[in-house]
């Protein structure tokens, strides 16, 4: 029997899956972050090796080698990062063949079951990735928290802090964000935010964790928060549309899968995201992802191993995953983007 | 003879001045940065001690003690930072009495010759500080590069990088900023910006040094750059207005001094800044600063030492500074803010 390994290596956690080439998922384990941009090369290597070992152990199978390993890693965004990560991975001897992809690409693989379409991933960061019927690929966004990731949890949190600072100064409108952020961060005075941000060096992930406060304030009809979320939704719509245009998909029936923690249903963010799609790509359909990104990595590894994609194979993957995955639905419910508005 | 010491401790350099209580400036030296937020406590202490020593040497005077030392330090923005900096300064034994102020406050002292008014300082960061006729003080902005400093060189540079990334993705309008930034940073491909920003850890100061590129692109009629500068000017207008409102100065004749590298005359930034002032505080007048901030520190130290502010004193300071200061005019040319438009 031959095996494949799929991994979704993120900034806050990693998910690893071992499957055989018949589509039986043998294990799924979660482990620590593996984004080398944040934790460095050495720790990233350790994190990946640790994840592989745990996934093999959990599979209760004697695996000496994986036919194909597909790793979708956050931070795989340039030739330089590819070279760095390839150096890390080539030291791991259990992989016969390695595919190193950006995490957005495995996101698309999982969301659509390896079909063409566009995935928009909005978590701590934000990026869109697409593939058209001709197999051409494109991406947009994902330039990181300093100069991009518009619409991400980091971006929304940062805008919320700016709005709170402006309200504090009397420069901006009063907003619930000021007291709510102070409470969330246990600040007696808002000025203490400076100590927290610049001295205690709050990580981008820690800062991004303020996003739920913005959703909560918006629900309480805070106008400033509502505007931040609407703006974030528009930005996420724009990253999707940029990919659709680059791949000639904006005027065809195209599936768009929003994934990541920022796409909570029924929020202003979700609605303004859908509004931008409807305006610029009216024939696209918003889909609920079939599988989580780590399964996308497994599917891409199976494809690379020459395994034929039959209904039976997909069903077997879905069945053997049951009870292991909680984040995604297993049914592909496709809806036109304007039905949300 | 008794002496005072004034210092403008910034993020990129520091300026120290020694004067006697008759208003004779005995020395003016420039030295390295002293913002403890950036370089740490130990180095900040060393930097201040070094500056004091050099200023004494350059004065060619035997000075065992300063009657008053007034230090205006970037990063003096909360009780915590006051306590940290007070700990540093109290170890320096040549100061009989120490005044520790935010650098914006000495900026106002220098710009107006210790009179009431508002100073807006837009360099790497951006902050406004004001004092009304009743001696009440207020500030706005200056929350640092992560959540504030709107209108600063950092903010403008960051927006330029975001616009370049959007143009690269096809999300945003084409802009000259993309090729011009690539040239300024010697990037063969724009994707290399990720390596530069996140791995080589470009400092906020280094990132802020892209601001001149934006001014240049705007002069070449690049629409995206023009919008960034107009928006920056508006933000700087808002920090000034917030201070004016807080101090009840928006409906009285009030002098506003724009200082720092972002206020180049005849630019869109300057014009949109003046436009906001005219709209919200029509009786304010834009002034050219009389003295640089380090002289403001000296003036505040002299005031604290009980020295009377006569025309003779001010003239003596101006005369004895000649040839030492190049950054500011010595004449106070006041103009109504709407004459700029």
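Protein chains in written order, with our numbering: chain A, -10 to 330; chain B, -10 to 330.
Heads up, the beta-carbon is just placed ideally off N, CA and C, and yes, glycines get one too.
{"Check": "Tell me the DSSP secondary structure of residue 243 of chain A in three-state form.", "Outcome": "strand"}
{"Check": "Looking at the structure shown, is residue 273 of chain A part of a helix, part of a strand, or coil, going by DSSP?", "Outcome": "strand"}
{"Check": "Work out the CA separation of residue 6 of chain B and residue 202 of chain A for me, nearest whole Å.", "Outcome": "48 Å"}
{"Check": "Listed in chain order, which residues of the segment 67 to 88 of chain A have Cβ atoms closer than 8 Å to some Cβ of chain B?", "Outcome": "67, 68, 69, 70"}
{"Check": "Name, please, each residue of chain B whose Cβ falls closer than 8 Å to the Cβ of residue 129 of chain A.", "Outcome": "158, 159, 160"}
{"Check": "Looking at the secondary structure, which residues open and close the alpha helix (DSSP H) in which residue 20 of chain A lies?", "Outcome": "It is not in any alpha helix (DSSP H) - residue 20 of chain A instead sits in the beta strand (DSSP E) that spans 14 to 20."}
{"Check": "Is residue 61 of chain A closer than 8 Å to residue 94 of chain A when the C-beta atoms are compared?", "Outcome": "yes"}
{"Check": "In angstroms, rounded to a whole number, what distance separates the CA positions of residue 89 of chain B and residue 129 of chain B?", "Outcome": "18 Å"}
{"Check": "So, does the CB of residue 151 of chain A fall closer than 8 Å to a CB anywhere in chain B?", "Outcome": "yes"}
{"Check": "According to the neighbour-count rule (16 or more other Cβ atoms, all chains shown, within 10 Å of its Cβ), is residue -4 of chain B buried or exposed?", "Outcome": "buried"}
{"Check": "Quick one: residues in its chain with C-beta nearer than 6 Å to the C-beta of residue 118 of chain A, no 5 flanking neighbours on either side, listed in chain order?", "Outcome": "93, 94, 97, 108, 128"}
{"Check": "Might you give, ordered along the chain, the residues of its own chain that have their beta carbon closer than 6 Å to the beta carbon of residue 231 of chain B, omitting 5 neighbours on each side?", "Outcome": "129"}
{"Check": "Is residue 332 of chain A near residue 186 of chain B, with beta carbons less than 8 Å apart?", "Outcome": "A question about residue 332 of chain A goes unanswered here, because the residues of chain A that appear run from -10 up to 330."}
{"Check": "With residue 66 of chain B as the anchor, note down where its beta strand (DSSP E) starts and where it stops.", "Outcome": "Unbroken run through residue 66 of chain B: none, as it is neither H nor E."}
{"Check": "Taking Cβ positions, are residue -7 of chain B and residue 287 of chain B nearer each other than 8 Å?", "Outcome": "yes"}
{"Check": "Buried or exposed for residue -2 of chain B, please, with buried defined as at least 16 other CB atoms from any protein chain shown within 10 angstroms of its CB.", "Outcome": "buried"}
{"Check": "Any C-beta of chain A sitting closer than 8 Å to the C-beta of residue 228 of chain B?", "Outcome": "yes"}
{"Check": "Could you check whether residue 32 of chain B and residue 73 of chain B sit closer than 8 Å to each other, using their CB atoms as the reference points?", "Outcome": "no"}
{"Check": "Beta-carbon within less than 7 Å of residue 239 of chain B's beta-carbon, same chain only, minus the 5 sequence neighbours each way: which residues are those?", "Outcome": "230, 233, 269, 270"}
{"Check": "Is it a yes or a no for the segment 201 to 216 of chain B touching the segment 140 to 154 of chain B, going by three-plus beta-carbon pairs under 8 Å?", "Outcome": "yes"}
{"Check": "Opposite residue 265 of chain A in the DSSP bridges: which residues?", "Outcome": "BP columns for residue 265 of chain A are empty, so no partner."}
{"Check": "With a threshold of 8 Å between beta carbons, is residue 112 of chain A in contact with chain B?", "Outcome": "no"}
{"Check": "For residue 254 of chain B, is the classification buried or exposed, using 16 other Cβ atoms within 10 angstroms of its Cβ as the cut-off for buried?", "Outcome": "exposed"}
{"Check": "Taking C-beta pairs closer than 8 Å, name the residues in chain B that residue 267 of chain A reaches, listed in chain order.", "Outcome": "Chain B residues near residue 267 of chain A: none, gap ~18 Å exceeds 8 Å."}
{"Check": "Since residue 147 of chain B meets chain A, which of its residues come closer than 8 Å, beta carbon to beta carbon?", "Outcome": "135, 136"}
{"Check": "Is there a Cβ of chain A sitting closer than 8 Å to that of residue 39 of chain B, yes or no?", "Outcome": "no"}
{"Check": "Determine the direct distance from the alpha carbon of residue 295 of chain A to that of residue 319 of chain A, and round the result to whole angstroms.", "Outcome": "Only weak support is given to the placement of residue 319 of chain A: the predicted model assigns it a pLDDT of 35, under 50, and the question is left unresolved by the model."}
{"Check": "Who are the Cβ neighbours of residue 27 of chain B in its own chain at under 7 Å, not counting the five residues just before and after it?", "Outcome": "0"}
{"Check": "For residue 264 of chain B, would you say it is in contact with chain A, using Cβ-to-Cβ distances shorter than 8 Å as the test?", "Outcome": "no"}
{"Check": "Taking only three categories from DSSP, how would you classify residue 148 of chain A?", "Outcome": "helix"}
{"Check": "For the segment 100 to 114 of chain A and the segment 75 to 82 of chain A, state whether three or more C-beta atom pairs, one from each stretch, are separated by less than 8 Å.", "Outcome": "no"}
{"Check": "Distance, Cα to Cα, residue 137 of chain A vs residue 91 of chain A?", "Outcome": "16 Å"}
{"Check": "Taking 8 Å as the threshold (C-beta atoms), are residue 11 of chain A and residue 264 of chain A in contact?", "Outcome": "no"}
{"Check": "Counting contacts by CB-CB distance shorter than 8 Å, is residue 223 of chain B in contact with chain A?", "Outcome": "no"}
{"Check": "Which full runs of the alpha helix (DSSP H) of 4+ residues lie inside the segment 202 to 231 of chain B, going along the chain?", "Outcome": "none"}
{"Check": "Taking the alpha carbon of residue 144 of chain B as the reference point, which residue from B:158, B:198, B:180 has its own alpha carbon closest?", "Outcome": "B:198"}
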